[in-house]
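Notes follow once the structure below has been shown.
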Amino acid sequence: MRYRADKETNSQPVYIIKDGAYVKSRSDEIMVGDLVKVTEDEMFAADLILLASSHDGGFCFIQTSSLDGEKNLKKRSRPKDLDKHLPNLCEPSRLAQIAEIVSEMPNAELYAYTGKMTFQQTQTVSLNATQLLLKGSKLKNTDWVVGFAIFTGDDSKLMMNSQKVRFKQSKMEVRMNSLVLYIILVQIVLCLIISIVGSFWYRNEDDRIKYLYFPFDVNVNGVIAFFSYFLLFNTLLPISLIVTLEIVKVIQSLYIMNDYQMYSQERMKFANVSSTSIVEELGQIDYIFSDKTGTLTRNVMEFKLLHVGGTLFGDPADLEPSVPSATTTVVPDHERHVTHADTKSGVEYSFNSIPLDKTLRNEIYTELNYPVVSSNGKIRLNFKTQRDLVLEFFKVLSLAHECVPETIKKEDGSKVTFYQGPSPDEVTLVDFAKYQGFDFRETSDVQIKLAVAPHIMQASGTQANGEITQYEVFRRMEFNSDRKRMSIIVRDPLDGHIKVFTKGADSIIKDRLDTKQIDVNMMQGIDHFLSKASMKGLRTLLMGMRVLDQSEYDAFTQEVAAAEKDIMNRERLLAGIYDRFERGLVLLGATAVEDRLQDNVPETINDLQDAGIKIWMLTGDKLETAENIGFSCKLLKNDMIVWKISNKAEVEDVCSVIKVQENQLLIKQEVKRGMLVEAGALNMILANMEYKKNFLKISKTCEAVICCRVSPSQKADVVRLIKQDDEEAVTLAIGDGANDVSMIMEAHIGVGLYGNEGMRAVQSGDFALTDFQHLWRLILVHGRWNYMRNAELILYFFYKNMVFTLPQFMFAYVSGYSGQTIYDDYYITCYNMVFTALPLLAKAILDQDVNANEKAMDIKPLLTKLYYVGQKSTIFNWTNYLIWIFTGTAHSLIIFILPYFAYSKTIMLNTGQGSDLWSFSITSFTSIIFIVNLKLMVQMKYFTTLNFVTIIILSLGIYYARAICTI
1 MRYRADKETN SQPVYIIKDG AYVKSRSDEI MVGDLVKVTE DEMFAADLIL LASSHDGGFC
61 FIQTSSLDGE KNLKKRSRPK DLDKHLPNLC EPSRLAQIAE IVSEMPNAEL YAYTGKMTFQ
121 QTQTVSLNAT QLLLKGSKLK NTDWVVGFAI FTGDDSKLMM NSQKVRFKQS KMEVRMNSLV
181 LYIILVQIVL CLIISIVGSF WYRNEDDRIK YLYFPFDVNV NGVIAFFSYF LLFNTLLPIS
241 LIVTLEIVKV IQSLYIMNDY QMYSQERMKF ANVSSTSIVE ELGQIDYIFS DKTGTLTRNV
301 MEFKLLHVGG TLFGDPADLE PSVPSATTTV VPDHERHVTH ADTKSGVEYS FNSIPLDKTL
361 RNEIYTELNY PVVSSNGKIR LNFKTQRDLV LEFFKVLSLA HECVPETIKK EDGSKVTFYQ
421 GPSPDEVTLV DFAKYQGFDF RETSDVQIKL AVAPHIMQAS GTQANGEITQ YEVFRRMEFN
481 SDRKRMSIIV RDPLDGHIKV FTKGADSIIK DRLDTKQIDV NMMQGIDHFL SKASMKGLRT
541 LLMGMRVLDQ SEYDAFTQEV AAAEKDIMNR ERLLAGIYDR FERGLVLLGA TAVEDRLQDN
601 VPETINDLQD AGIKIWMLTG DKLETAENIG FSCKLLKNDM IVWKISNKAE VEDVCSVIKV
661 QENQLLIKQE VKRGMLVEAG ALNMILANME YKKNFLKISK TCEAVICCRV SPSQKADVVR
721 LIKQDDEEAV TLAIGDGAND VSMIMEAHIG VGLYGNEGMR AVQSGDFALT DFQHLWRLIL
781 VHGRWNYMRN AELILYFFYK NMVFTLPQFM FAYVSGYSGQ TIYDDYYITC YNMVFTALPL
841 LAKAILDQDV NANEKAMDIK PLLTKLYYVG QKSTIFNWTN YLIWIFTGTA HSLIIFILPY
901 FAYSKTIMLN TGQGSDLWSF SITSFTSIIF IVNLKLMVQM KYFTTLNFVT IIILSLGIYY
961 ARAICTI
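Every letter in the sequence shown is one number past the one before it in full-length UniProt numbering, and letter 283, counting from 1, is 283.
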């Protein structure tokens with residue numbers, strides 16, 4: 001199947017431009033240097049450099065969900081000034097005659113690329129990731145593009161990022177395999193005993209058994225006996241156990257995938273199982289590592305508050321911290337007044353502020369003297385009123401972003417426009433600006449079109465003629481995880497000035513403010529706002545700006561141009577230029593966006609903790625936000641002692657021997673403990689063996705641990721840290737985004753959530769859920785049941801094989817070690833395949849000790865108390881294994897000895913004829929069938945009609961029907 005899929009993918013039709021004409025070819029025939037045309041909704045078959053598109057500006061939009069899980073559109077642009085050398089971009093084949101491309105070597109970096117394009121050996125244009133169309137991504141909102149194939153086949157970035165799927169095997173299955181090896185050793189020992197004892201018997205009894213013909217000497221007969229009985233004892237090996245167990249696991253997976261209590265009406269999806277081999281591992285979990293955004297929270301953003309010019313707009317109650325308690329619950333959706341919801345973009349809108357509306361309409365006049373001066377002092381702006389500052393603030397929201405508008409036609413013919421962006425946070429801000437009257441319409445490399453509402457234009461004294469305002473765009477400095485900010489340089493058509501609009505994380509923007517232009521009162525108000533918003537768990541951003549003199553801009557462009565010519569060091573040089581340029585900012589205001597908790601998250605976490613599972617939250621948010629979310633979702637509780645580790649001093653304090661001793665004392669006093677660790681402190685801990693050892697001693701005993709500001713690789717490092725320290729612990733990682741994939745793949749069990757960040761986590765996980773709350777039933781119900789069922793299935797399999805095989809061993813002593821079987825070949829063949837297979841199968845898929853369906857809700861609280869059964873391996877362990885083996889041995893002795901002595905001196909017929917081997921064999925085998933089925937019934941906790949049918953009809957019934965037919 002995989003070969004077929006690969007073949008189908010590699011044979012997709014593509015159009016390659018050769019000699020100025022489009023030639024239809026296969027995707028695996030693309031060569032480096034080919035010019036390839038791709039149309040809308042098609043996937044790129046190779047890594048391409050964008051040369052031309054259907055858009056006038058030479059840009060296009062791509063979706064990279066198959067690469068990084070992100071469904072939001074990303075903008076790509078052709079190389080700068082390419083149109084000067086290719087006036088007619090509809091005929092890019094001319095490029096082959098006038099230019100050459102020098103590229104970096106193939107590598108796995110998805111978001112980095114360095115190259116250059118040289119025209120007629122004179123002028124060079126630099127190439128970077130903004131022109132790269134990655135293989136596996138899809139063309140969107142663009143009719144067609146033409147690209148230059150730069151990497152193909154295994155050299156493409158998609159293929160170089162491909163990882164082999166790691167085979168996951170449950171702890172129970174690993175232990176079962178070791179038990180099989182012990183059984184093989186037992187089989188060898190039994191054969192050696194028979195071989196040795198038989199050899200002595202042949203030697204000592206040779207004169208008395210002259211009627212037996214031995215073609216070989218005693219030693220050779222002993223070897224023959226060894227191998228004869230090795231074949232006869234093959235029923236001791238549970239060969240059919242592997243097949244039965246796999247069938248059972250598939251059926252158990254189907255139960256999970258069709259559980260209506262794990263069905264999402266919102267997404268119209270059931271749970272999904274990608275790896276059936278570890279379904280019982282769900283009942284043995286010790287640690288859960290969870291992402292926050294989109295996993296514990298909904299990843300549906302809602303704009304809450306903005307703070308501009310010392311004034312808070314929005315509901316002040318949204319800043320008041322909720323007191324975490326046992327009764328903390330999420331406000332139901334039907335009680336919230338949502339005026340607009342865009343599930344595709346992950347945005348909800350319910351903002352309402354009369355003061356803001358009146359300010360925009362100029363119905364409230366508040367004087368405000370707020371100057372903005374260029375660095376050289378030649379340009380000076382002055383916001384005289386609160387409204388002037390608010391209008392400038394909305395320019396930042398509607399211009400400084402990477403969103404693109406997407407228009408779709410509804411069935412009634414009307415058009416609906418929504419925004420696509422790198423993250424729901426960014427879309428939320430643009431969407432908020434739109435509903436306040438600043439409608440972002442269109443973007444390109446050189447301009448942005450913005451429509452301002454008529455009532456705002458009229459209030460500004462401008463004639464509202466419905467025309468769109470065009471902002472000339474000079475340069476964008478995009479957001480990334482290192483910069484944590486985004487900037488854009490535009491010319492404002494309203495005043496003609498060149499402006500830099502910047503938004504980013506509060507810690508980043510604060511460090512870049514012009515100290516000479518800081519308004520102390522406004523800064524204090526912003527700090528207070530940020531503090532309360534963080535405690536509330538809101539996501540905050542700061543907005544700033546600076547105004548440029550033409551000479552300042554010219555100097556910046558010259559620096560950038562020089563850096564772009566240095567192919568090897570371009571990215572580093574540009575980063576340094578941007579870092580220096582994005583300073584001297586003037587603060588405009590701040591925003592707060594809420595990402596609400598998913599349904600029943602607090603209750604789910606509380607129950608999982610009660611079940612003895614340690615829960616770690618790994619998030620990229622700052623410590624204050626992570627702490628507040630921890631309390632609101634009941635991961636952290638009021639009665640907990642919470643240790644915070646943010647800097648070196650706190651690392652030395654918490655990760656010390658004294659703190660370890662204090663922790664042991666708190667454990668004895670049954671005091672609950674939690675821990676908050678920042679990424680920087682985590683790096684210090686992992687780099688020092690002493691810190692790491694003490695950290696593990698404390699953190700592993702804590703009920704909850706939160707790691708904040710961590711990167712995707714650090715998430716995987718944390719999971720690996722626990723796995724390496726405790727090889728017996730079973731870990732589960734759950735997340736919804738591409739940044740959670742490394743964590744999901746590292747854990748013993750990976751769970752992906754269907755969310756707004758693409759399908760990458762779902763595709764990488766062993767299980768897929770629609771909501772975090774479904775983890776409760778997956779673990780506490782299905783996981784626990786599957787552990788109990790599969791553990792007893794394995795133990796019972798060893799037992800019934802022991803009962804069936806040991807009589808053969810005992811019969812060797814009364815059959816002259818001849819290798820004679822006690823049972824007919826038919827019974828040997830059908831024992832595991834027919835007589836004992838279906839009853840065991842029915843028990844393994846239906847057995848349950850607690851009914852956890854909706855009609856027995858009063859039983860649900862008890863499930864958390866019973867989860868220890870799998871965690872502590874109370875069923876599948878060495879003690880129980882030996883008990884089952886001892887029981888099987890005892891039953892086999894009874895089954896052999898009683899019929900043997902009963903028939904040894906018994907007269908069967910009135911002619912005086914005694915019993916024969918057949919009579920003894922039938923009696924012994926009948927006893928086996930009865931005993932193993934009776935033992936199975938004793939072990940059952942839940943009887944159904946199917947259990948009755950499989951035991952009485954399909955096991956005993958078939959056996960007796962066969963026996964009667966042979967009489």
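In this text, a Cβ means the ideal position worked out from N, Cα and C, and glycines have one as well.
Per-residue DSSP class, three states only, for residue i
i, result
"Tyr287", "strand"
"Met301", "strand"
"Gln63", "strand"
"Arg267", "coil"
"Glu594", "strand"
"Glu442", "strand"
"Ser534", "helix"
"Gly589", "strand"
"His774", "helix"
"Lys157", "helix"
"Ser540", "Looking at the sequence itself, residue 540 is Thr, so the reference to Ser does not match. Thr540 falls in the strand class under three-state DSSP."
Rounded separation between residue i and residue j - CA only
i, j, result
"Leu806", "Ile875", "24 angstroms"
"Val560", "Ile615", "47 angstroms"
"Ser253", "Thr359", "58 angstroms"
"Met940", "Thr235", "24 angstroms"
"Phe393", "Cys655", "45 angstroms"
"Cys633", "Gln598", "9 angstroms"
"Leu232", "Ser921", "15 angstroms"
"Asp621", "Phe119", "46 angstroms"
"Glu100", "Met117", "6 angstroms"
"Ile685", "Ala45", "44 angstroms"
"Met689", "Leu618", "22 angstroms"
"Val781", "Leu863", "8 angstroms"
"Ala453", "Asp286", "56 angstroms"
Strand pairing of residue i, partner residues [DSSP]
i, result
"Phe767", "Val273, Val751"
"Glu100", "Thr118"
"Val14", "Ser25"
"Gln447", "Glu472"
"Glu478", "Note: Glu478 sits in no beta bridge, so no partner."
"Ala733", "Phe289, Gly750"
"Val125", "Met117"
"His497", "Answer is none; His497 lacks a bridge partner."
"Ser53", "Val145"
"Val642", "Gly674"
Beta-carbon gap between residue i and residue j smaller than 8 angstroms
i, j, result
"Glu627", "Ile706", "yes"
"Gly783", "Gly283", "yes"
"Lys157", "Glu42", "no"
"Ser54", "Asp155", "no"
"Gly314", "Leu368", "no"
"Leu50", "Arg76", "yes"
"Val372", "Val547", "yes"
"Arg441", "Pro493", "no"
"Ala451", "Arg361", "no"
"Ala505", "Leu541", "yes"
"Leu682", "Val710", "yes"
**Request:** Would you mind listing the alpha helix (DSSP H) stretches within the stretch 360-437 that are 4+ residues and don't spill past its ends, in chain order?
**Result:** Counting whole runs of 4 or more residues, the stretch 360-437 contains the alpha helix (DSSP H) stretches 386-399, 424-435.
**Asked** In the stretch 651-718, which residue ranges form an unbroken beta strand (DSSP E) of at least 3 residues, counting only runs that do not cross its ends?
**Response** 673-678, 704-708
**Ordered list of alpha helix (DSSP H) runs contained in the stretch 542-578, each at least 4 residues** = 550-565
**Prompt:** In chain order, which continuous runs of the alpha helix (DSSP H) of length 4 or greater are located wholly inside the stretch 841-908?
**Reply:** 860-866, 868-871, 878-904
**Message:** Report the start-end ranges of each alpha helix (DSSP H) in the stretch 923-957 that is 4 residues or longer and not cut off at the edges.
**Reply:** Whole alpha helix (DSSP H) segments, 4+ residues: 945-948.
**Asked** Where in the stretch 217-263 do unbroken runs of the alpha helix (DSSP H), each at least 4 residues long, occur, reported from the N-terminal end onward?
**Response** Uninterrupted alpha helix (DSSP H) stretches at least 4 residues long and entirely within the stretch 217-263 occur at 218-232, 239-257, given in chain order.
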